[in-house]
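Student: In order, the protein sequences belong to chains C and W. Going by our numbering, 25 is the number at position 25 of the first sequence; the sequence numbering is gapless. Going by our numbering, 1078 is the number at position 78 of the second sequence; the sequence numbering is gapless. Note that beta-carbon positions come from the ideal geometry of N, C-alpha and C, so glycine has one too. Small disclaimer: the values here were computed from a predicted structure and weren't measured. First, the structure itself, so that you have it in front of you.
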Amino acid sequence: MKNKKNELTAIRCEEAVARFNDFMDNYLKGRSRKELVKHIAECRDCMDRFEFEQLLKSKVHELSTSADKAMKTKIENLIASL
Amino acid sequence: MLNTHFRKETLSLAVLANASALKRFAYSLCQDQSEAEDLVAETVVNAFENFHQLKDDAKIKQWLFRILNNISVSNYRKNKKQRKTELPVDTIIADHEFSLYERVGASNFTDAGTPEKSFIAKITKEKILQAIHELPEEFRTTLTLCDVDEFSYAEIATITRVPIGTVRSRIARARKLLQKQLWLYAQELGIKTVQKEKEHICTCGNEEVKTPGIKI
């Protein structure tokens, strides 16, 4: 017998978009996550929107590769003096 | 004794490995290079004085960031220095409705591939950084911690001493504000809206009524 509790509710695009941030940040869990994954797999526009948001997030993350060598040298000198 | 020496070595390595990230966070708090360097230096001194309080070495990065935030808050209270924390009201209104994806899709920006994705590829690091620094303090610091340094919501809540729900809403808001700022830069380069409305094309079949896109 099929368990109705395990059936996923179809969500609307508006709801899917509202869950993007939590999903990208690995904060969306369980049923809510599964519903979104299912929606994105079935909705081309939401898939494109989601990819756009992820791309932008990755672009922001690229800032982490900028090394501040002067700061590192200052800290090295500071640690040596402690 | 040996353990103490070993832990100090661990702390030194952690501080050096996170030098750039700490400076970035400090700058996002005070927006002044010299003040940011002083904040990091104070953080390092404080960390070495109090490293015995750190119970879990796995949380050393989070601990350093929290110290830095605490010092910043303390300095701010002492100096009562006015920081740039406000955006003009008209740029904040209705930012939850803003979608850069929709703006680019309805614009004159064209490219061989998908215009929305090509647009992202063309944004420089400098522009992203500039856009982040245009955001009010609570948004730029939260966005920096989350998207640049990849702290979790729970870690950001601990570092900045705000509830996790506040972190979550600040991230959502910060991303929208960042997108608005990037759109302003795009407009300066001559990219503009050419369609009145970008229609949301739903292919999932769950929409009762087709959701209209942006209204310009």
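(1) Quick test of your reading: Phe1151 (chain W) and Ile1159 (chain W), contact by CB under 8 Å. State the CB separation rounded to the nearest angstrom.
(2) DSSP on Thr1114 (chain W), reduced to helix/strand/coil?
(3) Tell me which residue opens and which closes the alpha helix (DSSP H) that Tyr27 (chain C) is part of.
(4) Any Cβ of chain W within less than 7 Å of the Cβ of Val37 (chain C)?
(5) In three-state terms, what does DSSP make of Thr1004 (chain W)?
(6) Ends of the alpha helix (DSSP H) at Cys1204 (chain W)?
(7) Taking the beta carbon of Leu1143 (chain W) as the centre, do at least 16 other beta carbons fall within 10 Å, making it buried, or is it exposed?
(8) To the nearest whole angstrom, what separates the beta carbons of Leu1100 (chain W) and Ala1131 (chain W), a pair I think is in contact under 8 Å?
(9) So who's on the other strand from Ser1107 (chain W), going by DSSP bridges?
(10) Quick check: what's the CA-CA separation for Tyr1185 (chain W) versus Asp25 (chain C)?
(11) With distances taken from CA atoms, which of W:Phe1109, W:Phe1025 and W:Arg1066 is nearest Met71 (chain C)?
(12) Checking 7 Å against the spacing of the C-beta atoms, do Asp1149 (chain W) and Val60 (chain C) come in under that value?
(13) The ligand NAD and Leu63 (chain C): does the residue's C-beta get closer than 6 Å to at least one heavy atom of that ligand?
(14) Taking Phe52 (chain C) as the query, report the chain W residues whose CB atoms sit under 8 Å from its CB, ordered along the chain.
(15) Using a Cβ cut-off of 7 Å (strictly closer), state whether Lys29 (chain C) contacts chain W.
(16) Return helix, strand or coil for Asp1038 (chain W), following the three-state DSSP convention.
(17) Identify the contact partners of Asp1147 (chain W) in chain C, using a Cβ-Cβ distance below 8 Å as the criterion.
(18) Determine, using beta carbons only, whether Ser1012 (chain W) comes closer than 7 Å to chain C.
(19) Could you pull out every residue in the same chain whose Cβ sits closer than 6 Å to the Cβ of Ala1157 (chain W), ignoring the five residues on either side in sequence?
(20) Report all residues from its chain with a CB closer than 7 Å to the CB of Thr1043 (chain W); omit the five preceding and five following residues, and keep chain order.
Tutor: In short, the structure shows the following:
(1) In this structure Phe1151 (chain W) is in contact with Ile1159 (chain W), their Cβ atoms being roughly 7 Å apart against a cut-off of 8 Å.
(2) coil
(3) Unbroken run through Tyr27 (chain C): none, as it is neither H nor E.
(4) no
(5) helix
(6) No alpha helix (DSSP H) holds Cys1204 (chain W); DSSP gives it neither H nor E.
(7) buried
(8) Not a contact, Cβ separation roughly 11 Å.
(9) Looking at the DSSP output, Ser1107 (chain W) sits in a beta bridge with W:Thr1193.
(10) Looking at the two C-alpha atoms, the distance is approximately 26 Å.
(11) W:Phe1025
(12) no
(13) Questions concerning the ligand NAD fall outside what the structure shown contains, since it holds no ligand whatsoever.
(14) Leu1100, Tyr1101, Glu1116, Lys1117 and Ile1120
(15) no
(16) helix
(17) Lys57, Val60 and His61
(18) yes
(19) Ile1164 and Val1167
(20) Leu1022, Leu1064, Ile1067, Leu1068 and Ile1071.
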